[in-house]
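So for the sequence shown, this note's numbering puts the first residue at 29; every next one is plus one. The beta carbon of each residue, even a glycine, is placed where N, CA and C say it ideally should be. Read through the structure below, which is laid out as structure tokens, and then see the notes.
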Amino acid sequence: MKNFIKSNISQDSLALLLTQAPIALSMLMGDDFVIKVANPQMLELWGKQPEIIGLRLIDALPEIKDQPFLDILTKVKKTGNPYKGYKHLAFIERNGQTKECYFDFIYAPIYNDEESEIIGVSVVATETTEQVLTERKVEETEYKFKNLIKESDYAIAIYKGENFIIDLANDKMLKSWGKDSSIIGKRIEEGIPELVGQAFLGLLKNVYESGKTYSAKEDRADLVVDGKLQTFYYNFSYQPLKNHNGEVYAIANVAVDVTDVVLAKKELQKNQEKYRNLADSLPIIIWTADKNGKIDYYNKKWYDYTGFEGIDTREKAAHKILHPDDTVRAINLWEVSKKNKSGYEIEYQFKNYRKENSYEWFLGRAVPIKDQNDEIIQWIGTCTDINEFKQFQQQKDNFLGIASHELKTPLTSLKLYSQFLEKNLRKQNDDKNADVARKMDDQINKLTGLVNDLLDVTKIQNGKILLNKSDFNFDDLVKEIIEEEQMNTNHKIHLEAENVGNVFGDRHRISQVMSNLISNAIKYSPNADKIQITKKLTDKNQVLFCVKDYGIGIPQDKQDRVFEQYYRVSGSMEHTFPGLGLGLYISSEIIKRSGGRIFVNSVEEKGSDFCFEIPKTDNP
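In structure tokens form, the structure reads like this:
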């Protein structure tokens, strides 16, 4: 500058020139740095008016007193060495407020005309406040972004440039790769060489070139972890990062390790396939349904039998295959099971598509599979071919019906003969043989009871057992039955009763149930001397009748079976209690047909409490 001033222009002319310059310029003269020149740009930069020209810099800008600028100016004037400031912080008072500002500036010495003395310092400045603050925000954003990535629950990495330099990778991503932070700054194929030959590098290139995000689920990746090549599975995405011009400059990789899930699914599929093969090999029909009851699987046996090619709705399948007499009953039972979240068992007839108008009997069962919250997650059901059993059962019932009917006539005659014989022997005072005749009559009565039971069972199986309902006094019936049973036992029968009054039902069949329960109580409590009978009306206008004994009791796991046909409680004393196991079955069917229920509460070795409930009126 001194050569320029000396050879071309005076200091005054230079001052004039500086005022016209398009950038912020000023001339500070003397040891006090008096403002000789300050162009409009510099005045604006300082936030001052032209009146400051001629003042000392410290007087014009008192806010710089404790800032380094005066020291820098003094040094430049003393040494003659220019000073360059880059994004230098300065606190400037503007509009009555001290502002944080940043500047790029040059301090250069000004010489006298003889070039023998430095007489001042020129200032050229550019404000960079906006740039600095923007950069600071960017840095803060980047810091927050990087910190967010670092602390994220997901594995995240950033690949910069078309060479995919690993710019950032959090601990979770490094761990998933089986690498450490030393790979940061390397090309991805250098840092993770085992990816070469896999699809990922090609996918990154496509994302970089197209600017479109790529996502994948349960994608396989082979990585060297713990010194050996292993297979992993990830849900991941490659998302392009774009600059203000919309150009891709980096790719963000977010990944979730789902290896355990995928392996579990593979194992589940393997097990499902194994169990499906097992199910297909079984001679029974097997099906499954979702929690809502929608069928989602049939085994091979179903398709072989029905000839169906796909899965229909349950209702559609029912109308296709079930006998018309069974369709509504089966559908209604299924709806009740869904509502009550309980299993079911039903016998129904399936159409055999290979034989025209041919139906075969099947036993259908279904059970709900529930979670820990007692919510259904699945239904499993079976259909077992019981056609041969039903045919055999029908033949048996027919035989029993015929046999029982044919036995009744000779039994009636035998009973008359035994009674006549006993009567005449008594007249002859032959009590010994008369007792034999009486015992003969007792055995005939037992045989008659068995025959009657067999006939009842046959009627039940054929749906021919009818109830002749009428109004009768329940209290009188109980009293009558107790008197009859008391005559044949040494047990004391105690009655604890409330008046019930008239009941609408079949008096004969209800008395049959009462007699059976009382006789069983006596028979199965040989070491006790009493039984307890109670009767009352419930809050729901139901008649409750109970017989309590103090006998052998029934094991907990067998109590639900005592009402099954031909079932007898087994045990060490079984031989002591003869019978066919039909009484409770017949009683159960009578009570069911009366619109009631029969049940038992029992404790082994302590006794049993058999009860039934029936409606007091025809419309309870």
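Pick helix, strand or coil for residue i, following the three-state DSSP scheme.
i, result
"residue 85", "helix"
"residue 464", "helix"
"residue 554", "coil"
"residue 125", "strand"
"residue 24", "This structure cannot settle anything about residue 24, because the visible part of the chain is limited to 29 through 648."
"residue 602", "With a pLDDT of 45 at residue 602, under the threshold of 50, the modelled position of that residue is not reliable, and no figure is offered here."
"residue 373", "strand"
"residue 644", "coil"
"residue 54", "strand"
"residue 216", "helix"
"residue 638", "strand"
"residue 416", "helix"
"residue 562", "strand"
"residue 132", "strand"
"residue 400", "coil"
"residue 611", "helix"
Do you know whose CA, among the options, lies nearest residue i's CA?
i, options, result
"residue 574", "249, 625, 93", "625"
"residue 380", "332, 125, 469", "332"
"residue 20", "281, 588, 86, 84", "Summary: the structure shown does not reach residue 20, with the chain confined to residues 29 through 648, and so no result is reported for it."
"residue 146", "215, 317, 61, 472", "61"
"residue 133", "152, 127, 118", "152"
"residue 230", "559, 614, 359, 191", "191"
"residue 496", "307, 618, 547", "618"
"residue 440", "343, 469, 576", "469"
"residue 588", "576, 559, 630", "630"
"residue 508", "519, 542, 534, 526", "542"
"residue 546", "534, 241, 639", "639"
"residue 557", "453, 567, 577, 172", "577"
"residue 107", "94, 80, 135, 326", "135"
"residue 80", "324, 238, 66", "66"
"residue 317", "96, 644, 398", "398"
"residue 569", "620, 511, 644", "644"
"residue 498", "536, 462, 510", "536"
"residue 239", "269, 452, 215, 257", "269"
"residue 58", "83, 118, 632", "83"
"residue 254", "228, 458, 283, 208", "208"
"residue 637", "582, 118, 586, 614", "582"
"residue 228", "200, 265, 202", "265"
Measure the Cβ-Cβ separation of residue i and residue j and say whether it is below 7 Å.
i, j, result
"residue 148", "residue 56", "yes"
"residue 185", "residue 204", "no"
"residue 206", "residue 252", "yes"
"residue 622", "residue 642", "yes"
"residue 513", "residue 562", "no"
"residue 137", "residue 166", "no"
"residue 579", "residue 539", "no"
"residue 415", "residue 388", "yes"
"residue 346", "residue 359", "yes"
"residue 130", "residue 156", "yes"
"residue 312", "residue 334", "no"
"residue 371", "residue 356", "no"
"residue 245", "residue 234", "no"
"residue 319", "residue 220", "no"
"residue 528", "residue 500", "no"
"residue 52", "residue 77", "no"
"residue 522", "residue 560", "yes"
"residue 286", "residue 261", "yes"
"residue 367", "residue 321", "no"
"residue 258", "residue 241", "no"
"residue 223", "residue 279", "no"
"residue 342", "residue 323", "yes"
"residue 276", "residue 236", "yes"
"residue 391", "residue 412", "yes"
Rounded to the nearest angstrom, how far is the Cβ of residue i from that of residue j, given a contact under 8 Å?
i, j, result
"residue 649", "residue 340", "Only positions 29 to 648 of the chain appear in the structure, and residue 649 is not among them; the question remains open."
"residue 330", "residue 409", "With 8 Å as the limit, residue 330 and residue 409 do not qualify as a contact, their Cβ atoms being about 11 Å apart."
"residue 571", "residue 531", "6 Å"
"residue 120", "residue 158", "14 Å between Cβ atoms; not a contact."
"residue 593", "residue 565", "In fact, because the Cβ distance is near 31 Å, the residues do not count as touching under 8 Å."
"residue 111", "residue 100", "5 Å"
"residue 449", "residue 465", "4 Å"
So, does the CB of residue i fall closer than 7 Å to a CB anywhere in chain B?
i, result
"residue 326", "The displayed structure is made up of one protein chain only, and chain B is not part of it."
Complete runs of the beta strand (DSSP E) confined to the stretch 149-208 [at least 3 residues]: Listed in chain order, they are 183-188, 193-197.
Runs of 3 residues minimum, wholly inside the stretch 490-560: which ones carry the beta strand (DSSP E) assignment? 498-501, 520-525, 530-533
Ranges of the alpha helix (DSSP H) found wholly within the stretch 285-337, counting only runs of at least 4: 287-309, 328-334
Just to confirm the assignment: which complete alpha helix (DSSP H) runs, minimum length 4, are found wholly within the stretch 210-270? 216-219, 228-238
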